[in-house]
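As structure tokens, the structure follows; a few thoughts come after it.
Residue numbers (the working numbering): 116 to 534.
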């Protein structure tokens, strides 16, 4: 009799936890704004670790789309440098845009840099992040290989003010900002070909690369007008993207597999505990573990460490700054990308035939987006399988960042670039 009562209690507690987790996961935050924490000159707080990269974080005054200086201006002075500027986009916000020009390293001459057929790469971040996450490794990596690169801080982050008192940002507003950034880049001399060679024009269209929640913004952008997207983009890459059905189905899968892991995701993201809890932030985003106090492990083994404690703490300060205003998930739930799927058996978006080359990447050590979610996204883009890389969720940060970068480069060279 006593045993039965205990089982009933456990069952009720489990049910309560499941309900609580589902409710709290429904409020997982996206990008936010914190005027008290954000200061452009101290964006990296002196901790940027790339010795070949000089990050100009002095910012600048707001300017209109037509009057802002060309991103490709003063090529010689800005080589190997990531610039951070505020750009007044047509969407109505003054957005932070980080950008870099092709490196002069190796055989890249000034002439080739200015007239390269390589497609500009446009990076879109996910929740708890902003443009800074791409500037750490990926932007210099691709600059050194002859690419123009640009990263947007979405509306509501520390770099892109959503408006006084605004605490929720709609997915449509993120779509507007992505669309406006692509328009802005297309106006930049040296980024998109304007000559008579049709092949050059085709090859020089921007490739958009989105991570995690940023992937949903790209899906909604494509849904808005697939024809315009095809005319604008040379390629589409999604990495560890939240699937078209959002977090709901994944939440139920997590709950069935592991209550402990479900609670970590709920506490870390919905309750923002990853901002204070280093261990949780490491497990959710970066993988690996800190073995510095373990005598049986080599403390210099970067792969086992995943990421240093110093970097985790540094990134947590960015997380805090970029999660004050959050995505309006009630609004999003009414217009998830999966809603437009007409063929449930394939899970394919109806507009895939209009799209340029697409790739969906997943991470083998992803704590946040599961394999089913990655496959759902691949199916949405009409792909038979995703491309899996050895990495945690934050493919652009941590010890294994180059696995994702090299996979992207290889895909671009085989599917988009022809030179």
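Just so you know, even glycine gets a beta-carbon here, dropped at the ideal spot from N, CA and C.
Note that the coordinates shown come from a computational prediction; the quantities given were computed from them, not determined experimentally.
- By the Cβ rule, the segment 467 to 487 counts as touching the segment 333 to 353, because three or more pairs are nearer than 8 Å.
- In the three-state scheme derived from DSSP, where H, G and I count as helix and E and B as strand, residue 352 is classed as strand.
- Counted as a single uninterrupted DSSP element, the stretch harbouring residue 375 is not any beta strand (DSSP E) but the alpha helix (DSSP H) occupying residues 374 to 380.
- Rounded to whole angstroms, the separation of the alpha carbons of residue 325 and residue 367 is 25 Å.
- Taking all protein chains in view, the Cβ of residue 529 is surrounded by fewer than 16 other Cβ atoms within 10 Å, so the residue is classified as exposed.
- The beta carbon of residue 480 sits closer than 6 Å to those of 402 and 507, all from its chain and outside the five residues before and after it, given in chain order.
- Collapsing the DSSP output to three states places residue 196 in a strand.
- Straight-line measurement puts the Cα of residue 513 at about 19 Å from the Cα of residue 266.
- Residue range 286 to 301 is occupied by the alpha helix (DSSP H) that includes residue 297.
- In the three-state DSSP reduction, residue 461 falls in the coil class, being neither helix nor strand.
- By the beta-carbon neighbour count (other beta carbons within 10 angstroms, threshold 16), residue 282 is exposed.
- DSSP places residue 248 inside the alpha helix (DSSP H), whose first and last residues are 247 to 250.
- Excluding sequence positions up to five before and after residue 358, its CB lies within less than 6 Å of the CB of 488, 491 and 492, all in the same chain and listed in chain order.
- Rounded to whole angstroms, the Cβ separation of residue 290 and residue 339 is 6 Å, and the two are in contact under 8 Å.
- Going by C-alpha positions, residue 302 is about 17 Å away from residue 262.
- Between residue 361 and residue 498, the alpha-carbon positions lie close to 19 Å from each other.
- Bounds of the beta strand (DSSP E) holding residue 267 are 264 to 267.
- The beta carbon of residue 455 sits closer than 7 Å to the beta carbons of 338, 464 and 465 from its chain, once the five residues preceding and following it are set aside; these are given in chain order.
- Shown here, residue 508 sits in coil according to DSSP, grouped into three states, outside any helix or strand.
- Judged by their CB atoms, residue 504 and residue 478 are nearer to each other than the 7 Å cut-off.
- Taking all protein chains in view, the Cβ of residue 511 is crowded by 16 or more other Cβ atoms within 10 Å, so the residue is classified as buried.
- For residue 479, the enclosing beta strand (DSSP E) starts and ends at 473 to 480.
- For the 7 Å CB-CB criterion, residue 329 and residue 252 do not form a contact.
- Distance check between residue 531 and each of 377, 296, 249 and 322 places 322 closest, using alpha-carbon atoms only.
- The residue among 501, 376 and 200 with its C-alpha nearest the C-alpha of residue 356 is 501.
- Where residue 238 is concerned, there is no enclosing alpha helix (DSSP H), although the beta strand (DSSP E) around it starts and stops at 236 to 239.
- Ranked by how close their Cα comes to the Cα of residue 482, the residues 453, 460 and 365 have 365 in first place.
- Taking a contact to require three or more Cβ pairs closer than 8 Å, the segment 393 to 400 and the segment 372 to 381 qualify as touching.
- Looking at 434, 517, 435 and 286, the one whose alpha-carbon comes closest to that of residue 270 is 286.
- Sequence-distant Cβ neighbours of residue 393 in its own chain, meaning closer than 6 Å and more than five residues away, are 427.
- Annotation: residue 216 to residue 299 spans about 16 Å, alpha carbon to alpha carbon.
- Shortest Cα-Cα distance from residue 250 to any of 331, 442, 516 and 207 involves 516.
- CA-to-CA, the gap between residue 347 and residue 264 works out to about 16 Å.
- Residue 210: member of the beta strand (DSSP E) spanning 209 to 215, first to last residue.
- Here residue 422 has 401 and 513 as same chain residues with Cβ atoms under 6 Å from its own Cβ, once five neighbours each way along the sequence are excluded.
- With respect to residue 247, residue 495 sits apart: the two C-beta atoms are not nearer than 7 Å.
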